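Undergrad:
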Amino acid sequence: MTNTSPDEGEKPAPEKVLGKAPVKAPRPRQAKPVRRARPKKRHFGLLFSFFLVVLAPIFASGWYLYERAADQYASRVGFSVRVQDKSAPVDFLNGIGSLQTNTTTDTDILYEFIQSQEMVELVDANLDLRTLYSRHLETDPVFAFDPKNPVEDLLKYWRRMVAVYYDSGTGLIELRVLAFSAEDSVAIAQEILAQSSVMINRLSAIAREDTTRYAREELDVSLARLKGARRELTMFRAQNEIVDPTADVQGQMSLLSSLQAQQAETLIELDLLKENTNDTDPRVENLRRRVEIIQRRIDAERKKFGLGDDTDETFATLLGRFEELSVDSEFALTNYLAAQQAYDTALREAQQQSRYLAAYLSPTRPQSAEFPQRAMLLGLVALFISLIWAIVALIYYSVRDRR
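The sequence shown runs 1 to 403 under this note's numbering.
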C-alpha cells in the first residue's frame with residue numbers, strides 16, 4: 001500500500017462540516033422597468049409662471065415701446081474753454097502751463113454747472129422745459145415728465161435727457177440733448193451753449209477782478225495818502241501865508257546880507273572918520289544916522305516874517321515843518337505813481353488773458369428719432385426678467401429637493 005502526496009495531481013476531498021448546510025450564491029436581482037415620465041402639477045405651474053413672469057412682461061414692454069413710447073430726437077453740441085493769451089513771444093513757453101491749468105479748471109466748473117439746478121432753472125425760465133418735456137404725458141407717462149413735480153425731479157429728468165461727455169485730458173465737452181421734437185432738442189442745446197458762455201464770461205470777469213483788486217486797493221490807499229499830504233501842505237501855506245518858504249528865505253536872507261554888509265561898511269567908515277575928526281563933525285553924525293537907518297531896515301525886514309525876537313529858533317521850526325510836509329507830499333506822490341503803474345500792469349495782464357467758449361460742434365439738427373432704443377430696451381427687459389425667473393425657479397427646486 002503506497003501513499004501518494006498531493007503534489008502528484010490528486011486533489012484532497014473537501015471536508016464536510018458537520019451540522020451545516022452548504023452555502024448557495026445569491027441570484028442577481030432583475031431591474032424594474034422605468035415608468036414613462038408624465039407631466040405633473042408643478043411642471044404646469046412652472047410653465048405658467050414662465051408665461052406670467054417672463055413672456056407677459058416682455059410682450060407688454062414691447063407693446064408699450066413700439067405703440068406708446070414717443071420718439072426722442074438727439075441734438076449734439078461740443079465746445080471747450082479757450083484762453084486768449086496775448087503775451088509776448090518770449091513768454092510763450094512759460095504760458096503753456098498756465099493755459100492748460102486754467103482751461104482744465106474752467107472746464108471742470110462748466111461740467112458741473114451744466115448738470116446743476118441753476119442751469120435747469122435758467123433753461124426752464126427761457127424755454128419752459130416743463131411744457132416741452134410733458135407733451136406726451138398722456139400717451140407716454142414712462143418717458144415723459146409730469147409738470148406738477150418739483151424742481152428736484154426736473155433736475156433728475158434733466159440729467160437723464162442731457163448726457164454730458166467730458167474728456168479731462170483734452171478739456172472737451174460734448175452734449176447729447178434729447179427732446180420729443182427736433183426743434184426742441186436744437187433749442188435746448190443752443191440755450192445750454194448760451195448759458196455756458198455767460199458762465200465763462202462771469203468766470204473771466206471774476207478772474208480779472210481778483211487780479212486787479214489788490215492793485216486797485218493799493219492805488220486807492222496811495223491816492224488818499226497823496227491827497228492828505230497835499231491838503232496839509234496847503235493848510236500850512238494858508239496859515240503862514242507862505243507859498244515857498246525856501247525861496248522866501250533865500251531872497252530875504254540875500255536882502256539881510258546886503259543890509260548887513262552896508263551896515264558894516266558904514267561902521268568901518270565911521271570908525272575911520274572918528275580917528276581923524278571929533279564927534280562934532282557933521283560927517284560923523286550922518287554916518288551914525290545911516291547906521292541907525294540900516295539897523296531899522298534890518299529889523300523891519302526880519303519883522304516881515306512875524307517871528308519876534310527869537311528869530312532863529314522860530315524860523316528853524318517853521319522851515320523844518322515845511323520841509324517835513326514837502327517830503328511827505330513827495331513820498332506820497334512817488335508811492336501813488338508806483339501804485340498807478342502797478343495797477344496799469346495788472347489791468348493789462350488781466351486783459352491779455354480772456355476766456356471764451358469755443359464751439360467745435362454746433363448744435364446739430366436731427367432728422368430721425370434715435371431714442372428710445374426700443375430693441376435694446378426690450379432685450380434688456382427680456383434678459384433681466386428671464387434671469388430673475390430662472391434664479392427663482394432654481395431656488396424653489398433646490399429647497400424642494402432638500403426636504
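Even glycine gets a Cβ: it sits at the ideal position worked out from N, Cα and C.
The model shown is predicted, which means the values in this text are computed figures rather than measured ones.
Three Cβ pairs or more, each shorter than 8 Å: is that satisfied between the stretch 139-150 and the stretch 185-196?
TA: By the C-beta criterion, the stretch 139-150 is judged not to be in contact with the stretch 185-196, since fewer than 3 inter-stretch pairs fall below 8 Å.
Undergrad: Using C-beta distances below 6 Å, list every residue in its chain close to residue 177, excluding the 5 sequence neighbours before and after it, in chain order.
TA: For the purposes of this step, residue 177 is taken as the residue at position 177 of the sequence shown. Cβ within range, chain order: 75, 162, 185, 188 and 189.
Undergrad: On the three-state DSSP scale, how would you describe residue 137?
TA: Along the sequence shown, read from residue 1 onward, the residue named residue 137 stands at position 137. Coil at residue 137, not helix or strand.
Undergrad: So, is residue 363 buried or exposed, given that buried needs 16 or more other C-beta atoms within 10 angstroms?
TA: As a position in the sequence shown, residue 363 is number 363, starting the count at 1. Classification of residue 363: buried, given that the 10 Å Cβ count is 16 or more.
Undergrad: Quick one, are the C-beta atoms of residue 80 and residue 107 less than 8 Å apart?
TA: Taking the first residue of the sequence shown as 1, we reach residue 80 at position 80. Taking the first residue of the sequence shown as 1, we reach residue 107 at position 107. Yes. Within cutoff.
Undergrad: Helix, strand or coil, according to DSSP, for residue 88 in the structure here?
TA: Looking up residue 88 in the sequence shown gives position 88. Its pLDDT being 42, under 50, residue 88 is placed unreliably in this model, and the coordinates cannot settle the point.
Undergrad: In chain order, what residues of the same chain lie with their CB nearer than 6 Å to the CB of residue 350, ignoring the 5 residues before and after it?
TA: Stepping through the sequence shown from its first residue, residue 350 is reached at position 350. Once the five neighbours on either side are set aside, the close Cβ partners of residue 350 are 208, 211 and 212.
Undergrad: Quick one: give me the first and last residue of the alpha helix (DSSP H) that residue 237 is part of.
TA: What you label residue 237 is simply residue 237 of the sequence shown in a count that begins at 1. Segment 182-240, the alpha helix (DSSP H) holding residue 237.
Undergrad: If residue 222 sits next to residue 335, beta carbons under 8 Å apart, how far is it from one beta carbon to the other, in whole angstroms?
TA: The sequence position of residue 222 within the sequence shown is 222, counting from 1. The sequence position of residue 335 within the sequence shown is 335, counting from 1. Contact flag correct, Cβ pair sits at about 5 Å.
Undergrad: Determine the closest residue to residue 371 out of 52, 276, 255 and 179, with distance taken between C-alpha atoms.
TA: The residue you call residue 371 lines up with position 371 of the sequence shown. In terms of Cα proximity to residue 371, the closest of 52, 276, 255 and 179 is 179.
Undergrad: Between residue 332 and residue 225, how many whole angstroms is the CB-CB distance? I'm expecting something under 8 Å.
TA: Position 332 of the sequence shown, counted from the first residue, corresponds to residue 332. Position 225 of the sequence shown, counted from the first residue, corresponds to residue 225. So it is a contact: roughly 5 Å between Cβ atoms.
Undergrad: Should residue 63 be labelled buried (16 or more other beta-carbon atoms within 10 Å of its own) or exposed?
TA: If you number the sequence shown from 1, residue 63 lands on position 63. Classification for residue 63: exposed.
Undergrad: Thinking just about the alpha-carbon of each residue, which of 260, 280 and 52 is nearest to the one in residue 293?
TA: The residue labelled residue 293 in the question sits at position 293 within the sequence shown. Of the listed residues, the one whose Cα sits closest to residue 293 is 260.
Undergrad: Looking at the secondary structure, which residues open and close the alpha helix (DSSP H) in which residue 152 lies?
TA: Here residue 152 is taken as the residue at index 152 of the sequence shown, counted from 1. From DSSP, the alpha helix (DSSP H) with residue 152 extends over 151-161.
Undergrad: Could you check where the alpha helix (DSSP H) with residue 121 kicks off and where it finishes?
TA: Residue numbering aside, residue 121 sits at position 121 when the sequence shown is read from its first letter. From DSSP, the alpha helix (DSSP H) with residue 121 extends over 117-127.
Undergrad: Rounded to the nearest angstrom, what separates residue 100 and residue 342 at their Cα positions?
TA: Working through the sequence shown from its first residue, we reach residue 100 at position 100. Working through the sequence shown from its first residue, we reach residue 342 at position 342. Reliability of the predicted coordinates at residue 100 is poor, the pLDDT of 40 falling under 50, and the value obtained from them is presented with this limitation in mind. If you take the alpha carbons of residue 100 and residue 342, they lie about 26 Å apart.
Undergrad: Where residue 173 and residue 54 are concerned, what is the direct C-alpha to C-alpha distance, given to the nearest angstrom?
TA: In the sequence shown, counting from the first residue as 1, residue 173 sits at position 173. In the sequence shown, counting from the first residue as 1, residue 54 sits at position 54. Straight-line Cα distance between these residues: approximately 41 Å.
Undergrad: Compute the Euclidean distance between the alpha carbons of residue 379 and residue 58, then round it to the nearest angstrom.
TA: Working through the sequence shown from its first residue, we reach residue 379 at position 379. Working through the sequence shown from its first residue, we reach residue 58 at position 58. So the alpha carbons of these two residues sit roughly 9 Å apart.
Undergrad: Can you tell me which of the three DSSP states residue 62 falls into?
TA: Within the sequence shown, the letter at position 62 stands for residue 62. Correct three-state label for residue 62: helix.
Undergrad: What are the start and end residues of the beta strand (DSSP E) that includes residue 179?
TA: Here the question's residue 179 lines up with position 179 in the sequence shown. Taken as a continuous stretch (DSSP letters only), the beta strand (DSSP E) holding residue 179 covers 172-179.
Undergrad: Which residues does DSSP list as the beta-bridge partners of residue 361?
TA: Position 361 of the sequence shown, counting from 1, holds the residue named residue 361. Paired residue(s): 78.
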